[in-house]
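Protein chains in written order, with my numbering: chain A, 132 to 490; chain B, 17 to 377.
See below:
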């Protein structure tokens, strides 16, 4: 009896699928999330999970969400994504750059499931991409750092040499340089998104080398803790890390995925979901700044807030010429603004940054 | 390149701090494996130790209570593994892997209220006068007590395994449990004790991470240290002092590459200098003992080559993927070098390692 019912249901599903159920509204959506770190990392994955909870709160009984945390980039990711697709999930968010190829591959096998890949650039009919213009936030913290450093040395803990990270370094450096011509960046690549011990060691190495402000593009608050211990300043990443460095944190670039996730789940409910590419910044609220520390002088606060507002209003772009590449070759002419394509593929340092970009 | 900011003493100090969790966890695992039990759950026991130590330190305000709780927590988790593998005869490899997953999950659960909490700080040993001696003072006396304890632990384990009757019995159980049993040794209780000791050490290693090295609690913060500790035991060919050397080498590779990046300095420069220093000391020791000097000479030649490369291109930086696999590459290299030493039983693994013991057999 049960078998017959299953066969009937499957046949019906097939028939519906063939007749274009894709475009129909649903009254219940199952949404899956794949995280690269633990939800308790207080950084990247934590912030995605905050948005997942916001989706549950907004839609109540109409959604069912699941997540898998600490999924390594690589073959494991493919298994996890496939398992999720197989178990009747309608919409799957894969939230790390390294899931890109796996997401596209699994999406081909499950044309009726919708996929959303964060920070990637490969799309398909059922794969959307989305990311935030974190570099806008990095411009603002670069201004603050350039104004506030006393040693003129800013330490930067970088994860992997992908465009997202390189862009952040360039944006922060250009902004810092614009207010402080003597500023120098010391960059340490840790080859991991999440390894608190290694991030802490990197922060110590940078302090040893004279950095008095630390920026990070990794996911744990370890560097913030070390900055607090050593009495220097730091910027949080992905979420407000003030509790880890009450005296150290100047501000934090915060990811704010709630509005995007809610709109995408709404689109599936309405039957209007289609493959898109979203890259939101200050203007959409996807990038936000945590509360400014009292240590930032009023004039620097104003400078930072003005830059933030100008970027949100579209009157200021962090990558506006003249800008040369590191080797001195021209990249942007006077007044020229970088296009998104170049930004998305950025694989070079701008002029003035020392050291080679790891390959 | 700015060599003036390169402080070799600071480099060595941070290297030893980075290596201490590995020293603790790997020494414990060494004892477990010497008894013939392979416990792959080191990562799980470490992370459980990290949170139980953190929680106890926060609740009592004493980092010492934290380390005690971490040792207890690690031992309890290890005994879970012990009961399953020694009494219920479950597969050691599978049970050890399960222990890692279980430990990570349990630690995350217990740790929820502790995210973002600041632990009481662990004081450095301040012996008046000693810390002020130039160079040596900073090199030898600028650590917290756990660093000294970890070295003492290695010495104690070495002494126990090679110089005491109980240590001989433990090794006998690990080499041939059937023979040991027929001689009246209590195989299962001895192994349980070794497993519990391994767990306690792993737990303290985890607590060193959460209380001293990072000081904070975040889920999954061991990030693979337990696996490196397992590799170190093999690397050290089950010898306590080599565990210490291996841990410092593994910790050292990470610290070295992070520091040379901050310096924009070719990592081959300090690595070559270090290798030459080690090679010279090793050569001296070998010559005095009348042992063949080919290995220390090889280290010297390698060191000179690295230094020459470093001087030829001081700004050279290695790609990040190479850097992250460097510790494992070093393990493989050392294993190759060691296994060409045919004069002694090459790898020295306990003969009963990982095998199931059952009285009826």
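Here a beta-carbon is modelled for each residue, glycine too, at the ideal position from N, C-alpha and C.
Buried or exposed (CB count within 10 angstroms, at least 16 for buried), residue i
| i | result |
| --- | --- |
| residue 110/B | exposed |
| residue 191/A | exposed |
| residue 297/B | exposed |
| residue 482/A | buried |
| residue 77/B | exposed |
| residue 341/B | exposed |
| residue 367/B | exposed |
| residue 125/B | exposed |
| residue 103/B | exposed |
| residue 32/B | buried |
| residue 55/B | buried |
| residue 290/A | buried |
| residue 235/B | buried |
Interface residues of chain A facing residue i [CB-CB closer than 7 angstroms]
| i | result |
| --- | --- |
| residue 235/B | 169, 171, 172 |
| residue 270/B | 329, 332 |
| residue 124/B | 169, 171 |
| residue 160/B | In chain order: nothing, as chain A lies at least about 13 angstroms away. |
| residue 26/B | 339 |
Three-way DSSP call (helix, strand, coil) for residue i in this model
| i | result |
| --- | --- |
| residue 380/A | strand |
| residue 263/A | strand |
| residue 247/A | strand |
| residue 177/A | helix |
| residue 352/A | coil |
| residue 222/A | strand |
| residue 301/A | helix |
| residue 316/A | strand |
| residue 432/A | helix |
| residue 30/B | helix |
| residue 329/A | helix |
| residue 454/A | strand |
| residue 461/A | strand |
| residue 270/B | helix |
| residue 349/B | helix |
| residue 153/A | The predicted model places residue 153/A with a pLDDT of 48, which falls under 50 and marks its position as unreliable, so this point remains unresolved. |
| residue 200/A | coil |
Short Cβ contact (7 angstroms threshold) for residue i with residue j
| i | j | result |
| --- | --- | --- |
| residue 372/A | residue 419/A | no |
| residue 135/B | residue 227/B | yes |
| residue 364/B | residue 254/B | yes |
| residue 94/B | residue 211/B | yes |
| residue 387/A | residue 417/A | yes |
| residue 262/B | residue 252/B | yes |
| residue 156/A | residue 401/A | yes |
| residue 351/A | residue 174/A | yes |
| residue 86/B | residue 65/B | yes |
| residue 356/A | residue 325/A | no |
| residue 233/A | residue 267/A | no |
| residue 255/A | residue 238/A | yes |
| residue 427/A | residue 316/A | no |
| residue 310/A | residue 277/A | yes |
| residue 248/B | residue 259/B | yes |
| residue 326/B | residue 218/B | no |
| residue 288/B | residue 319/B | yes |
Residue i: contacting residues in chain B (beta-carbon distance under 9 angstroms)
| i | result |
| --- | --- |
| residue 356/A | 134, 230, 231, 232 |
| residue 204/A | Ordered by position in chain B, no residue passes the 9 angstroms Cβ test against residue 204/A, which lies about 12 angstroms from the chain. |
| residue 77/A | Since the first residue shown for chain A is 132 and the last is 490, residue 77/A is missing from the structure and cannot be characterised. |
| residue 201/A | 120, 235, 236 |
| residue 370/A | Within 9 angstroms Cβ-Cβ: nothing; residue 370/A doesn't reach chain B, min ~11 angstroms. |
Cross-chain neighbours of residue i in chain B, by beta carbon under 7 angstroms
| i | result |
| --- | --- |
| residue 326/A | 239 |
| residue 374/A | 132 |
For residue j and residue i, believed in contact at Cβ under 8 angstroms, the rounded distance
| i | j | result |
| --- | --- | --- |
| residue 177/A | residue 201/A | Not quite, the Cβ-Cβ distance comes to about 12 angstroms (not below 8 angstroms), so this is no contact. |
| residue 246/A | residue 223/A | 5 angstroms |
| residue 160/A | residue 221/A | 5 angstroms |
| residue 342/A | residue 285/A | 6 angstroms |
| residue 264/A | residue 411/A | 7 angstroms |
| residue 189/B | residue 196/B | 5 angstroms |
Proximal chain A residues relative to residue i, where beta-carbon distance stays under 9 angstroms
| i | result |
| --- | --- |
| residue 328/B | What residue 328/B touches in chain A: nothing, since even the nearest Cβ is about 16 angstroms away. |
| residue 127/B | 171 |
| residue 246/B | Correct list: empty, because the minimum Cβ distance to chain A is about 17 angstroms. |
| residue 285/B | Simply none; closest approach about 15 angstroms. |
8 angstroms Cβ cut-off: residues of chain A touching residue i
| i | result |
| --- | --- |
| residue 23/B | 339 |
| residue 34/B | 328, 332 |
Proximal chain B residues relative to residue i, where beta-carbon distance stays under 8 angstroms
| i | result |
| --- | --- |
| residue 236/A | What residue 236/A touches in chain B: nothing, since even the nearest Cβ is about 22 angstroms away. |
Any C-beta of chain C under 7 angstroms from that of residue i
| i | result |
| --- | --- |
| residue 96/B | This model lacks chain C altogether; the protein chains it does include are A and B. |
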